[in-house]
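J.: Residue numbers for the sequence shown follow the UniProt record's numbering, so the first one is 1 and each next one is one higher.
Positions of the beta carbon are idealized from the N, C-alpha and C atoms, including for glycine.
Model, not experiment: these values are computed from the prediction.
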Amino acid sequence: MAGREVMEATRKRARLENQAAYGPLVSLSAILDLAKETQRCVVEGEGAFNAGHIICCGIRETTSEAVQVESLCLQTSAIKGPPHTIKVQVCNTTGAVKGECTCKAGLSGQCKHVFATLIYLNRTSATSLDSLSCTDVQQQWGRASAASLYKPRPISLFCHVEQPQPRSFPEDIQAQIRKELIEAAKDSALAKHKTRTRKLAPVTCSPSTVHATDRIFTQGCYLKDYTKFLFFESVLDGGKTIVKRFTLENLSASEKTFYIENVCLSYAKAKEICHKTSDQASTLWHSERKKRITGSICRELYTFEESGIRTWEAKLERLYCRDHFKGNEATRYGIDNESLALEEYARTHKERVSKLGLVVIPAVPWLGYSPDGISEQRGTSVLLEVKCPIQGQQSSIKDLVNAKKMAFLARDGENYALKPAHKYYSQVQLGMLLLNMKVCHFIVYSKVESLVIPVQRDTEHIQQLVERLQYVYFKKVLPKLVQISKA
Numbered sequence: 001m002a003g004r005e006v007m008e009a010t011r012k013r014a015r016l017e018n019q020a021a022y023g024p025l026v027s028l029s030a031i032l033d034l035a036k037e038t039q040r041c042v043v044e045g046e047g048a049f050n051a052g053h054i055i056c057c058g059i060r061e062t063t064s065e066a067v068q069v070e071s072l073c074l075q076t077s078a079i080k081g082p083p084h085t086i087k088v089q090v091c092n093t094t095g096a097v098k099g100e101c102t103c104k105a106g107l108s109g110q111c112k113h114v115f116a117t118l119i120y121l122n123r124t125s126a127t128s129l130d131s132l133s134c135t136d137v138q139q140q141w142g143r144a145s146a147a148s149l150y151k152p153r154p155i156s157l158f159c160h161v162e163q164p165q166p167r168s169f170p171e172d173i174q175a176q177i178r179k180e181l182i183e184a185a186k187d188s189a190l191a192k193h194k195t196r197t198r199k200l201a202p203v204t205c206s207p208s209t210v211h212a213t214d215r216i217f218t219q220g221c222y223l224k225d226y227t228k229f230l231f232f233e234s235v236l237d238g239g240k241t242i243v244k245r246f247t248l249e250n251l252s253a254s255e256k257t258f259y260i261e262n263v264c265l266s267y268a269k270a271k272e273i274c275h276k277t278s279d280q281a282s283t284l285w286h287s288e289r290k291k292r293i294t295g296s297i298c299r300e301l302y303t304f305e306e307s308g309i310r311t312w313e314a315k316l317e318r319l320y321c322r323d324h325f326k327g328n329e330a331t332r333y334g335i336d337n338e339s340l341a342l343e344e345y346a347r348t349h350k351e352r353v354s355k356l357g358l359v360v361i362p363a364v365p366w367l368g369y370s371p372d373g374i375s376e377q378r379g380t381s382v383l384l385e386v387k388c389p390i391q392g393q394q395s396s397i398k399d400l401v402n403a404k405k406m407a408f409l410a411r412d413g414e415n416y417a418l419k420p421a422h423k424y425y426s427q428v429q430l431g432m433l434l435l436n437m438k439v440c441h442f443i444v445y446s447k448v449e450s451l452v453i454p455v456q457r458d459t460e461h462i463q464q465l466v467e468r469l470q471y472v473y474f475k476k477v478l479p480k481l482v483q484i485s486k487a
């Protein structure tokens, strides 16, 4: 009897070895045994297999008891993210399988990635499976594409490429050429650009406004809570990991030098920049903004989290490396009507409006803000922020809000408010912090009927905003600025 059992076991092992040599390593019955009464994992696994999500699969180790298989499976929710690693064990005697995966459900051994691997093994001959070393799987995923192996260079640097020499003309001839081009194509972008001028609101500053402006640059004590670093960093000290408050000494030498020489500034320099950039369109205005986090992008950086192809590198490349936005129909409409909005505000509120350029406070030189205007109301300075939606040409702002066409505004009974979750809310809060003001009049302009919404200073939001932005600037933005300066 014992001899018969030995013979039966020998035949079974031979059958399995023959199957492993010429057929699939995993049988369909073994897959169904692992799934038990659950069909969903098999269906979803087959879907992942059919989608080509198994990018690497091979034999890691073979012993007398079992065959160890390892594979990589792409994440369905993040195709370009790091793949899941699946480990499968196939018993040599029974053909039974069990597996595990690095996904959240992987410890159960019944996730779709495990079954996608099993289906791959069922539909692939055992002789076709490669033997994997301990580094093969990592290399398979980390292998650079051919396009990324070479750093691009301008064609002008190639020695064998003939360099055309640009023809130069005297300034008077260039002016004549431009004039003739404009006359020949009066509807061209060049003609419209030359004929369109940006009208600024008249800068009429009362003595109280002048004093308020001086206070902005001479009294930075209200920012004392933000002059120190608010975030911490873990460092190695004597072989132990400890948490310390971040300081300038944590910066690299190049980062510290760039920050001190290009970002930090005196009160006199801050006032000079503010005065020279009052048009908010000059080269100086653009260059100084590129060194800092400003109101228009603060919310975008405050809420950003990396996910899949959404990386800090791509985000900062778009915000800090590309040429400034040339504008579209909506932005051109906003620029052309901003002065009309401020004039209407000054007329209806019977208040003078002053115009400033880029405001940078030496206490926190890594932040910047360009206010649309400042008004004085009974000795109190009020920040003015203007938005001119193009829909306001034909409709009142209240009608647009009621029709749910103003995404940044909400209605509460008879009152209208700026939504706290919108980027404009963070923008004006940063402005009130840097200009030391307690209220902002958010002007939404319409040729039919405008709307002025008071926005109160939100200390809690400002604290959260600046604390996060401080980390983003010194850990993400500043290293990128140093990289740009060396390019």
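Measure the alpha-carbon distance for TYR369 versus GLY308 and round it to whole angstroms.
T.: Residue mapping note: residue 369 aligns to position 369 of the sequence shown, counting from 1. Residue mapping note: residue 308 aligns to position 308 of the sequence shown, counting from 1. Roughly 31 Å between the two C-alpha positions.
J.: Is the separation between the beta-carbon of ASN122 and that of VAL26 shorter than 7 Å?
T.: As a first step, residue 122 is located in the sequence shown; it is residue number 122 there, counting from the start. As a first step, residue 26 is located in the sequence shown; it is residue number 26 there, counting from the start. A contact, by the Cβ cut-off of 7 Å.
J.: Suppose you measure from the CA of ILE361 to the CA of PHE408; what does that come to, to the nearest Å?
T.: The residue you call residue 361 lines up with position 361 of the sequence shown. The residue you call residue 408 lines up with position 408 of the sequence shown. Roughly 28 Å between the two C-alpha positions.
J.: How many Å lie between PHE304 and GLN470 at the Cα?
T.: Mapped onto the sequence shown, residue 304 falls at position 304. Mapped onto the sequence shown, residue 470 falls at position 470. Those two C-alpha atoms are separated by around 14 Å.
J.: Mapping the DSSP letters down to three states, classify HIS422 as helix, strand or coil.
T.: On the sequence shown, residue 422 is found 422 positions in, with the first residue counted as 1. Looking at HIS422 - three-state DSSP - the assignment turns out to be coil, as it is neither helix nor strand.
J.: Classify GLU70 as buried or exposed, calling it buried when 16 or more other Cβ atoms lie within 10 Å of its own Cβ.
T.: Taking the first residue of the sequence shown as 1, we reach residue 70 at position 70. Result: buried.
J.: Between the C-alpha atoms of VAL466 and CYS41, what's the straight-line distance to the nearest angstrom?
T.: Position 466 of the sequence shown, counted from the first residue, corresponds to residue 466. Position 41 of the sequence shown, counted from the first residue, corresponds to residue 41. If I take the Cα positions, the gap works out to 46 Å.
J.: Is ARG153 near the ligand HEM, judged by its Cβ being under 6 Å from some heavy atom?
T.: No copy of the ligand HEM occurs in the structure displayed, which carries no ligand at all.
J.: Going straight from the alpha carbon of LEU200 to that of GLU338, what length do you get?
T.: Counting from 1 along the sequence shown, the entry for residue 200 is found at position 200. Counting from 1 along the sequence shown, the entry for residue 338 is found at position 338. Low confidence applies to LEU200: its pLDDT is 45, below 50, so where it sits in the model is not reliable, and the reading given next is rough at best. Answer to the nearest angstrom: the Cα atoms are 8 Å apart.
J.: Please determine, among LYS480, THR94 and CYS298, the residue with the shortest C-alpha to C-alpha distance to SER64.
T.: Counting from one through the sequence shown, the residue named residue 64 turns up at place 64. Per the Cα distances, THR94.
J.: Residues in the same chain with beta-carbon distance under 6 Å from LEU433, minus the five sequence neighbours each way, listed in chain order, please.
T.: Residue mapping note: residue 433 aligns to position 433 of the sequence shown, counting from 1. So the list reads ILE462, once near-sequence residues are dropped.
J.: Among residues of its own chain, excluding the 5 on either side of MET406, which ones have a beta-carbon nearer than 6 Å to its beta-carbon?
T.: Taking the first residue of the sequence shown as position 1, residue 406 is located at position 406. Closer than 6 Å at Cβ, skipping near neighbours: LEU400.
J.: Could you spell out the range, first to last residue, of the alpha helix (DSSP H) harbouring PRO365?
T.: In the sequence shown, residue 365 corresponds to position 365, counting from 1. That residue, PRO365, is in no alpha helix (DSSP H); it is neither H nor E in DSSP.
J.: Check for me: the alpha helix (DSSP H) holding PRO479 runs from which residue to which?
T.: Working through the sequence shown from its first residue, we reach residue 479 at position 479. 478 to 486 is the span of the alpha helix (DSSP H), which, as asked, contains PRO479.
J.: With 16 as the cutoff for other CB atoms within 10 Å, does THR348 come out buried or exposed?
T.: Numbered from 1 along the sequence shown, position 348 holds the residue referred to as residue 348. Looking at its Cβ environment, which holds fewer than 16 other Cβ atoms inside 10 Å, THR348 is exposed.
J.: Under the rule that 16 or more other beta-carbon atoms within 10 Å means buried, what is ARG167, buried or exposed?
T.: Position 167 of the sequence shown, counted from the first residue, corresponds to residue 167. Its Cβ having fewer than 16 others within 10 Å, ARG167 is exposed.
J.: So which of CYS57, ILE119 and LEU72 has the shortest CA-CA distance to CYS34?
T.: The residue given as residue 34 occupies position 34 in the sequence shown. As written in the sequence, residue 34 is Leu, which differs from the Cys given in the question. That would be ILE119, whose Cα lies nearest to the Cα of LEU34.
J.: Where DSSP assigns a beta bridge to SER125, which residues make up the other side?
T.: As a position in the sequence shown, residue 125 is number 125, starting the count at 1. Answer is PRO24, bridged to SER125.
J.: From what residue to what residue does the alpha helix (DSSP H) around PHE246 run?
T.: Walking along the sequence shown from the start, residue 246 turns up at place 246. Counting along the chain, PHE246 falls outside any alpha helix (DSSP H), and DSSP gives it neither H nor E.
J.: Would PRO371 and LEU383 be called neighbours here (beta carbons separated by less than 7 Å)?
T.: Translated into the one-based positions of the sequence shown, residue 371 becomes position 371. Translated into the one-based positions of the sequence shown, residue 383 becomes position 383. For PRO371 and LEU383, yes; Cβs fall inside 7 Å.
J.: Please state whether the Cβ-Cβ distance between residue 488 and TRP366 is less than 7 Å.
T.: Residue 488 falls outside the range modelled here, since the chain spans only 1 to 487, and no answer is possible.
J.: What residue range is occupied by the uninterrupted beta strand (DSSP E) comprising VAL90?
T.: By one-based count along the sequence shown, residue 90 stands at place 90. Looking at the DSSP string, the run of the beta strand (DSSP E) that includes VAL90 is 84 to 91.
J.: Below 8 Å on the Cβ atoms is my guess for LEU430 versus GLY295; work out the distance and round it to an integer in Å.
T.: Within the sequence shown, numbered from 1, the residue matching residue 430 stands at position 430. Within the sequence shown, numbered from 1, the residue matching residue 295 stands at position 295. Sure, about 5 Å apart at Cβ, within 8 Å.
J.: Enumerate in chain order the residues of its own chain whose CB-to-CB distance from GLN75 is below 7 Å, with the five nearest sequence positions on each side excluded.
T.: Indexing the sequence shown from 1 puts residue 75 at position 75. Only GLY81, PRO83 and HIS84 meet the Cβ criterion.
J.: LEU181 to ASN250, Cα distance in whole Å?
T.: Along the sequence shown, one-based indexing puts residue 181 at 181. Along the sequence shown, one-based indexing puts residue 250 at 250. Spanning the two alpha carbons is a distance of roughly 56 Å.
J.: Please classify THR459: is it buried, with 16 or more other beta-carbons within 10 angstroms of its beta-carbon, or exposed?
T.: Start at 1 with the first residue of the sequence shown, and residue 459 comes out as number 459. Looking at its Cβ environment, which holds fewer than 16 other Cβ atoms inside 10 Å, THR459 is exposed.
J.: At which residues does the alpha helix (DSSP H) containing ASP172 begin and terminate?
T.: In the sequence shown, residue 172 corresponds to position 172, counting from 1. Judged by DSSP secondary structure, ASP172 falls within the alpha helix (DSSP H) whose first and last residues are 171 to 184.
J.: Under 7 Å, do TRP285 and LYS476 count as touching if we go by C-beta distance?
T.: Sequence index remark: in the sequence shown, residue 285 carries index 285 (1-based). Sequence index remark: in the sequence shown, residue 476 carries index 476 (1-based). No, the pair does not count as a contact, with Cβ atoms beyond the cut-off.
J.: Ignoring anything shorter than 4 residues or poking outside the region 396 to 480, list the alpha helix (DSSP H) runs there in chain order.
T.: 397 to 402, 423 to 435 and 459 to 472
J.: Is it right to say THR277 is buried, meaning 16 or more other beta carbons lie within 10 angstroms of its own, or is it exposed?
T.: Translated into the one-based positions of the sequence shown, residue 277 becomes position 277. THR277 comes out buried.
J.: I'd like the ranges of any alpha helix (DSSP H) spanning at least 4 consecutive residues and lying wholly in the region 277 to 324.
T.: 283 to 289, 295 to 303 and 312 to 316
J.: Per DSSP, what kind of secondary structure is GLN68 in: helix, strand or coil?
T.: In the sequence shown, counting from the first residue as 1, residue 68 sits at position 68. Of the three classes helix, strand and coil, the one that applies to GLN68 here is strand, per DSSP.
J.: I think ALA403 touches THR227, with their Cβ atoms under 8 Å apart; what is that distance to the nearest whole Å?
T.: Translated into positions along the sequence shown, residue 403 becomes position 403. Translated into positions along the sequence shown, residue 227 becomes position 227. With a Cβ gap of about 46 Å, ALA403 and THR227 do not count as contacting.
J.: Once you ignore the five residues that flank GLY109 on each side, which residues in its own chain have a CB closer than 6 Å to its CB?
T.: The residue given as residue 109 occupies position 109 in the sequence shown. LYS98, GLY99 and GLU100, listed in sequence order.
J.: Is the CB-CB distance between GLU376 and CYS440 below 7 Å?
T.: Your numbering for residue 376 matches position 376 in the sequence shown. Your numbering for residue 440 matches position 440 in the sequence shown. In this structure, CYS440 does not lie closer than 7 Å to GLU376 by Cβ.
J.: Considering only the beta carbon of each residue, do ALA346 and TYR445 sit closer than 7 Å?
T.: If you number the sequence shown from 1, residue 346 lands on position 346. If you number the sequence shown from 1, residue 445 lands on position 445. Taking 7 Å as the Cβ cut-off, ALA346 and TYR445 do not qualify as a contacting pair.
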